[in-house]
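Below you'll find the structure, written out as C-alpha coordinates, and then a few comments.
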Amino acid sequence: MTFIKCSRTSIYLSIYLSIYLSIYLSIYLSIYLSIYLSIYLSIYLSIYLSVYLSIYLSIYLSIYLSIVIAIFCALLPCRHPAGIRLTDRSSFVFATIKKWGGVDGQSVVPESGGRFTEIFLEV
0 MTFIKCSRTS
10 IYLSIYLSIY
20 LSIYLSIYLS
30 IYLSIYLSIY
40 LSIYLSIYLS
50 VYLSIYLSIY
60 LSIYLSIVIA
70 IFCALLPCRH
80 PAGIRLTDRS
90 SFVFATIKKW
100 GGVDGQSVVP
110 ESGGRFTEIF
120 LEV
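Here it is as C-alpha coordinates:
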(Lines of atoms letter the chains of each structure in order from A and count residues from 1; the text may use other names and numbers.)
(Lines give C-alpha, C1' and ligand atoms only; values in the text may rest on other atoms or scores of the structure.)
Protein backbone atom coordinates (compact mmCIF):
# COMPACT_ATOMS: atom_id res chain seq x y z
CA MET A 1 0.00 0.00 0.00
CA THR A 2 1.17 3.44 -0.77
CA PHE A 3 0.54 6.25 1.63
CA ILE A 4 0.51 9.80 0.43
CA LYS A 5 2.03 12.18 2.86
CA CYS A 6 0.08 15.39 3.28
CA SER A 7 1.16 18.33 5.26
CA ARG A 8 -1.09 19.69 7.90
CA THR A 9 -1.47 22.93 5.95
CA SER A 10 -2.73 21.19 2.85
CA ILE A 11 -5.32 19.30 4.91
CA TYR A 12 -6.53 22.51 6.58
CA LEU A 13 -6.59 24.29 3.26
CA SER A 14 -8.62 21.55 1.62
CA ILE A 15 -11.12 21.49 4.50
CA TYR A 16 -11.36 25.28 4.52
CA LEU A 17 -11.88 25.45 0.77
CA SER A 18 -14.46 22.71 0.74
CA ILE A 19 -16.48 24.38 3.53
CA TYR A 20 -16.10 27.85 2.04
CA LEU A 21 -17.04 26.75 -1.45
CA SER A 22 -19.97 24.70 -0.30
CA ILE A 23 -21.38 27.59 1.75
CA TYR A 24 -20.63 30.21 -0.88
CA LEU A 25 -22.01 28.17 -3.73
CA SER A 26 -25.10 27.15 -1.84
CA ILE A 27 -25.89 30.76 -0.88
CA TYR A 28 -24.98 32.19 -4.27
CA LEU A 29 -26.81 29.56 -6.24
CA SER A 30 -29.88 29.70 -4.06
CA ILE A 31 -30.11 33.48 -4.36
CA TYR A 32 -29.21 33.57 -8.03
CA LEU A 33 -31.49 30.74 -9.01
CA SER A 34 -34.38 32.00 -6.95
CA ILE A 35 -34.16 35.47 -8.49
CA TYR A 36 -33.48 34.22 -12.00
CA LEU A 37 -36.12 31.54 -11.93
CA SER A 38 -38.71 33.80 -10.35
CA ILE A 39 -38.18 36.48 -12.99
CA TYR A 40 -37.92 34.03 -15.87
CA LEU A 41 -40.84 31.92 -14.79
CA SER A 42 -43.03 34.88 -13.98
CA ILE A 43 -42.45 36.42 -17.40
CA TYR A 44 -42.67 33.13 -19.27
CA LEU A 45 -45.69 31.88 -17.40
CA SER A 46 -47.51 35.19 -17.57
CA ILE A 47 -47.07 35.42 -21.33
CA TYR A 48 -47.73 31.73 -21.95
CA LEU A 49 -50.73 31.52 -19.67
CA SER A 50 -52.25 34.76 -20.86
CA VAL A 51 -52.03 33.74 -24.51
CA TYR A 52 -52.99 30.12 -23.91
CA LEU A 53 -55.83 30.89 -21.55
CA SER A 54 -57.21 33.68 -23.66
CA ILE A 55 -57.32 31.50 -26.76
CA TYR A 56 -58.52 28.41 -24.92
CA LEU A 57 -61.13 30.21 -22.86
CA SER A 58 -62.44 32.21 -25.77
CA ILE A 59 -62.93 29.09 -27.88
CA TYR A 60 -64.23 26.99 -25.00
CA LEU A 61 -66.56 29.64 -23.64
CA SER A 62 -67.94 30.54 -27.04
CA ILE A 63 -68.75 26.92 -27.81
CA TYR A 64 -70.05 26.21 -24.31
CA LEU A 65 -72.16 29.35 -24.12
CA SER A 66 -73.59 28.85 -27.58
CA ILE A 67 -74.67 25.32 -26.64
CA VAL A 68 -76.13 26.46 -23.32
CA ILE A 69 -77.96 29.37 -24.93
CA ALA A 70 -79.29 27.12 -27.71
CA ILE A 71 -80.58 24.59 -25.18
CA PHE A 72 -82.05 27.34 -23.02
CA CYS A 73 -83.80 28.96 -25.99
CA ALA A 74 -85.11 25.62 -27.19
CA LEU A 75 -86.68 24.97 -23.79
CA LEU A 76 -88.42 28.36 -23.62
CA PRO A 77 -92.11 28.37 -24.41
CA CYS A 78 -92.62 30.08 -27.75
CA ARG A 79 -95.54 32.42 -28.49
CA HIS A 80 -96.65 33.91 -31.76
CA PRO A 81 -97.08 37.72 -31.64
CA ALA A 82 -100.83 37.17 -32.07
CA GLY A 83 -100.86 34.99 -28.95
CA ILE A 84 -100.94 31.60 -30.71
CA ARG A 85 -98.83 29.11 -28.79
CA LEU A 86 -96.29 27.28 -30.93
CA THR A 87 -95.74 23.74 -29.78
CA ASP A 88 -93.45 22.48 -32.53
CA ARG A 89 -89.95 23.48 -31.45
CA SER A 90 -88.49 22.41 -34.79
CA SER A 91 -90.32 25.34 -36.37
CA PHE A 92 -87.46 27.57 -35.24
CA VAL A 93 -85.59 26.28 -38.28
CA PHE A 94 -88.20 27.66 -40.65
CA ALA A 95 -88.32 31.18 -39.22
CA THR A 96 -89.02 33.78 -41.86
CA ILE A 97 -89.11 37.54 -41.61
CA LYS A 98 -92.34 39.11 -42.79
CA LYS A 99 -93.90 42.54 -42.55
CA TRP A 100 -96.37 42.70 -39.72
CA GLY A 101 -99.18 45.21 -40.02
CA GLY A 102 -100.97 44.34 -36.83
CA VAL A 103 -102.70 41.65 -34.85
CA ASP A 104 -106.36 40.78 -35.47
CA GLY A 105 -106.68 43.43 -38.15
CA GLN A 106 -105.50 46.32 -35.95
CA SER A 107 -102.77 48.42 -37.49
CA VAL A 108 -99.66 48.81 -35.37
CA VAL A 109 -97.60 51.89 -36.27
CA PRO A 110 -94.42 52.81 -34.38
CA GLU A 111 -93.81 56.42 -33.30
CA SER A 112 -91.39 57.00 -36.17
CA GLY A 113 -93.94 55.91 -38.73
CA GLY A 114 -93.84 52.89 -40.98
CA ARG A 115 -94.55 49.31 -39.94
CA PHE A 116 -92.96 46.84 -37.59
CA THR A 117 -90.87 44.00 -38.93
CA GLU A 118 -91.39 40.92 -36.78
CA ILE A 119 -90.34 37.29 -37.02
CA PHE A 120 -93.13 34.87 -37.82
CA LEU A 121 -92.56 31.16 -37.35
CA GLU A 122 -94.01 28.77 -39.87
CA VAL A 123 -95.63 25.77 -38.21
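When you line the sequence shown up against numbering that gives the first Met the number 0, it's residues 0 to 122, in that order.
No residue lacks a Cβ here, since even glycine has one placed at the ideal position from N, Cα and C.
{"Query": "Work out the CA separation of Leu-48 and Ile-22 for me, nearest whole Å.", "Result": "37 Å"}
{"Query": "Report the three-state DSSP secondary structure of Ser-37 (helix, strand or coil).", "Result": "helix"}
{"Query": "Here's the rule I'm using: 16 or more other beta-carbon atoms within 10 Å means buried, otherwise exposed. How should Thr-8 be labelled?", "Result": "exposed"}
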